[in-house]
Amino acid sequence: MQSCARVNNKKVTSGPLNEGDTSTAPAALTPDELNYYRRMVDNHLDSTLGRTRFNGSVLVAKNGQIVFEEYNGYIDPRTKRDSITSSTPFHLASVSKTFTGMAILRLWEEGKLNIDDPVQKYLPGFPLEGVTIRLLLNHRSGIPKYDHYMGEMGWDKHKMVSNQDVLDFLIANYKKIPIAQPNRGFSYSNTNYALLALIIESVSGVTYPVYMKKTFFDPLGMKDSYVFTLADTARYTPSFYYNNREYRFEFLDAVYGDKNIYSTVRDLLKWDQALQKDTFFKKSTLEQAYAGYSFEKPGTHNYGLGWRMYLLKNGKKLVYHNGWWHGNRTSFYRMTDENATIIALCNNDCRYVYKVKELADIFGDYMQTNNRYDDDDPAQPVARAEKPKRKSHSTARKKTTHRRSTARK
1 MQSCARVNNK KVTSGPLNEG DTSTAPAALT PDELNYYRRM VDNHLDSTLG RTRFNGSVLV
61 AKNGQIVFEE YNGYIDPRTK RDSITSSTPF HLASVSKTFT GMAILRLWEE GKLNIDDPVQ
121 KYLPGFPLEG VTIRLLLNHR SGIPKYDHYM GEMGWDKHKM VSNQDVLDFL IANYKKIPIA
181 QPNRGFSYSN TNYALLALII ESVSGVTYPV YMKKTFFDPL GMKDSYVFTL ADTARYTPSF
241 YYNNREYRFE FLDAVYGDKN IYSTVRDLLK WDQALQKDTF FKKSTLEQAY AGYSFEKPGT
301 HNYGLGWRMY LLKNGKKLVY HNGWWHGNRT SFYRMTDENA TIIALCNNDC RYVYKVKELA
361 DIFGDYMQTN NRYDDDDPAQ PVARAEKPKR KSHSTARKKT THRRSTARK
């Protein structure tokens, strides 16, 4: 990435991130395999992210083993003081929905809720008949985006919105909000996942941030992951426009469930590997999560329970989620058949982050190399990426890649 900002050159070692579960660890890659994957990833990133001002982190793994890892730029690209490292957490934006969805499915596994129950059973006062938890999960509830209608319908933008506010506003104004009939079609809406966070709190008896920490982050060793609340403003990683102007807090920034999980590429790999096994979740639960529920429009795009998917004609399935909130753009791609993972996180509004999906073709016939950008995710269309720019003062690209180590982490 010739024109990217300086990369930290902290030495790291490769190996599966099983951390104590070596009995189920897949076979380590051979040196030839490792070199092949590293070379292919490196070449692709040179021709995409390498021609932009990408400020963030990238990780690619096979069988849980990191084959490529890179950290570009600074937490604050204006000051250029603190380099981005493996422990720098980024706002995951809508990738947070994967955690919210799986939290609901965990409560379902434990018999604490039924995903086909009406939402009214768990959220008193919820005004809409026929909306089930499943319809929130797969975006078929018919409820539009609170982040659009609340501001347009008179919410005081000087007052931060909470999850409870999202519910209360819906209860008070549902007759004025353009709500569709439930289960008539797919319509991506952040409201669904803000409400799911409230259901998690209602059923578990703890706050959403506490539930995520004790159920996922702590058990999986995701030490750099947390749910952002207004108490975290001193430690969060800021985000920026592509020209390095900082995004300021706005009235929607306190709602979680649809967004507001911060994490790192390494922590997300731990999350990915936990989902590769049928010990952290039942196999039947994962099959539900990765089933497609939206077939109204012919094509490869579909949505499960907290996960997006490409369902390809050749039978391949690419499980993923992208995200976009302020200057935070995120991609999390999982080739579950090959146990391969692609993760890219940035905080400077670099749309080329979404092109990392093309790396899927390295691991199988996923036909992503010339595929279009998603037109319905993140929250707004991404019709075009910005024209690649080169810095006249570019520095040599430094990268943190991996050579196979005999030590197992």
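Residue numbers (UniProt numbering): 1 to 409. Just so you know, even glycine gets a beta-carbon here, dropped at the ideal spot from N, CA and C.
Coarse secondary structure for residue i, derived from DSSP in three states
i, result
"Glu-296", "coil"
"Val-67", "strand"
"Gly-323", "strand"
"Tyr-37", "helix"
"residue 410", "Because the chain in this structure spans residues 1 to 409, residue 410 falls outside the shown range and cannot be described."
"Asp-376", "Annotation note: pLDDT 38 at Asp-376 (below 50); position unreliable, no value reported."
"Met-102", "helix"
"His-148", "helix"
"Phe-90", "strand"
"Arg-81", "coil"
"Ile-75", "coil"
"Glu-287", "helix"
"Ile-143", "coil"
"Leu-29", "coil"
"Glu-386", "Caution applies to Glu-386, whose pLDDT of 35 falls short of 50 and renders its modelled position unreliable; the value that the coordinates give is listed next. Note: Glu-386 maps to coil in three-state DSSP."
"Ser-204", "helix"
"Tyr-310", "strand"
"Pro-118", "strand"
"Phe-240", "strand"
"Ser-57", "strand"
"Arg-51", "helix"
"Ile-362", "helix"
"Ala-254", "coil"
"Lys-112", "coil"
"Tyr-193", "helix"
"Phe-169", "helix"
Cβ distance (whole Å) where residue i is taken to contact residue j below 8 Å
i, j, result
"Val-227", "Ala-194", "Their Cβ separation, rounded to whole angstroms, is 13 Å, which puts Val-227 and Ala-194 out of contact at 8 Å."
"Leu-305", "Gln-288", "6 Å"
"Leu-92", "Ile-261", "5 Å"
"Val-203", "Leu-137", "Contact doesn't hold; Cβ gap of about 14 Å is too wide."
"Lys-159", "Phe-251", "6 Å"
"Thr-98", "Val-119", "About 20 Å separates the two Cβ atoms, so there is no contact after all."
"Met-222", "Lys-259", "Rounded, the Cβ-Cβ distance is 17 Å, inconsistent with contact."
Residue i and residue j closer than 7 Å at C-beta
i, j, result
"Gly-299", "Thr-100", "no"
"Arg-334", "His-321", "no"
"Asn-163", "Val-255", "yes"
"Phe-68", "Arg-140", "no"
"Ile-179", "Gly-151", "no"
"Lys-62", "Ala-340", "yes"
"Gly-315", "Glu-338", "no"
"Asn-173", "Lys-145", "no"
"Cys-233", "Phe-90", "Correcting the residue identity first, residue 233 is Thr in this sequence and not Cys. No, they are not a contact pair."
"residue 416", "Tyr-211", "Residue 416 cannot be examined here, being either before or after the span of the chain that is shown, 1 to 409."
"Ser-57", "Tyr-71", "yes"
"Ile-199", "Tyr-122", "yes"
"Asp-267", "Ser-294", "no"
"Thr-48", "Lys-355", "yes"
"Ile-66", "Gly-73", "no"
Residue nearest to residue i in terms of C-alpha spacing, selected from the options
i, options, result
"His-148", "Val-161, Leu-136 and Pro-118", "Val-161"
"Asn-359", "Ala-27, Asp-32 and Leu-45", "The residue asked about is misnamed: residue 359 is Leu in this sequence, not Asn. Closest option to Leu-359, Cα to Cα, is Leu-45."
"Gln-276", "Phe-295, Tyr-247, Thr-191 and Val-319", "Val-319"
"Gly-323", "Ser-96, Trp-271 and Val-206", "Ser-96"
"Ser-263", "Asn-35, Ile-66 and Ser-86", "Ser-86"
"Leu-286", "Ala-231, Glu-109 and Glu-201", "Glu-109"
"Thr-229", "Phe-249, Gln-181 and Thr-30", "Phe-249"
"residue 419", "Gly-64, Val-41, Asn-43 and Phe-169", "Nothing in the structure corresponds to residue 419, since the chain is present only between 1 and 409."
"Ala-291", "Ala-231, Arg-134 and Lys-297", "Arg-134"
"Asp-253", "Ser-94, Gly-50 and Ile-66", "Ser-94"
"His-301", "Ser-284, Gln-368 and Thr-336", "Gln-368"
"Phe-332", "Asp-361, Val-265, Gly-111 and Ser-284", "Val-265"
"Phe-54", "Lys-357, Asp-361, Leu-345 and Tyr-366", "Leu-345"
"Val-353", "Gly-50, Met-40 and Thr-30", "Gly-50"
"Arg-235", "Asp-117, Asn-183, Asp-168 and Thr-88", "Thr-88"
"Pro-182", "Asp-82, Glu-201 and Asp-116", "Asp-116"
"Asn-192", "Leu-170, Lys-213 and Gly-205", "Leu-170"
* Asked: Touching or not, the segment 241 to 249 and the segment 115 to 133, by the rule of three or more beta carbon pairs under 8 Å?
  -> no
* **Contact between the segment 215 to 235 and the segment 148 to 158 (3+ Cβ pairs under 8 Å)** => no
* Is there contact between the segment 321 to 332 and the segment 349 to 358, where contact requires at least three CB pairs shorter than 8 Å? -> With three or more CB-CB distances shorter than 8 Å, the segment 321 to 332 counts as touching the segment 349 to 358.
* Asked: Do the segment 74 to 81 and the segment 102 to 111 touch if we need at least three Cβ pairs shorter than 8 Å?
  -> Fewer than three Cβ pairs drawn from the segment 74 to 81 and the segment 102 to 111 lie within less than 8 Å of each other, which leaves the two stretches out of contact.
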